[in-house]
Ligand SMILES: [Zn+2]
């Protein structure tokens with residue numbers, strides 16, 4: 017016969033994996049969702065900021081400074 021006790025808590029559904037440190041935590045227990053802690057949230061934020069800084073600035077498509085010299089046409 018199987019034991020009547022269910023080893024898995026009902027809150028199992030609320031358990032998620034932190035994308036920063038990879039640790040599992042309960043969504044209800046974190047103070048910085050969807051991360052496990054404020055530290056991981058800050059780390060993720062710094063990642064994005066770091067990527068933005070490394071990206072080249074897009075100032076829009078420039079048509080190029082084409083100067084046509086009409087000299088000579090008299
Ligand atoms: Zn984490």
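In the numbering used here, the protein residues as written are 17 to 90.
Just so you know, even glycine gets a beta-carbon here, dropped at the ideal spot from N, CA and C.
Item to check | Sequence-ordered residues whose beta carbon comes within less than 6 angstroms of a heavy atom of ligand 1 | outcome: 34, 36, 37, 39, 51, 52, 53, 56
Item to check | residue 45 versus 85, 60, 31, residue with shortest Cα-Cα distance | outcome: 31
Next on the checklist: With distance defined between alpha-carbon atoms, name the residue in 40, 83, 35, 42 nearest to residue 58.
Outcome noted: 35
Checklist entry - When the Cα atoms are used, what is the spatial distance from residue 62 to residue 68? => result 10 angstroms
Next on the checklist: I'd like to know whether the C-beta atoms of residue 60 and residue 54 end up nearer to each other than 8 angstroms.
Outcome noted: no
Item to check | Closest residue to residue 56 among 66, 70, 39 (Cα-Cα distance) | outcome: 39
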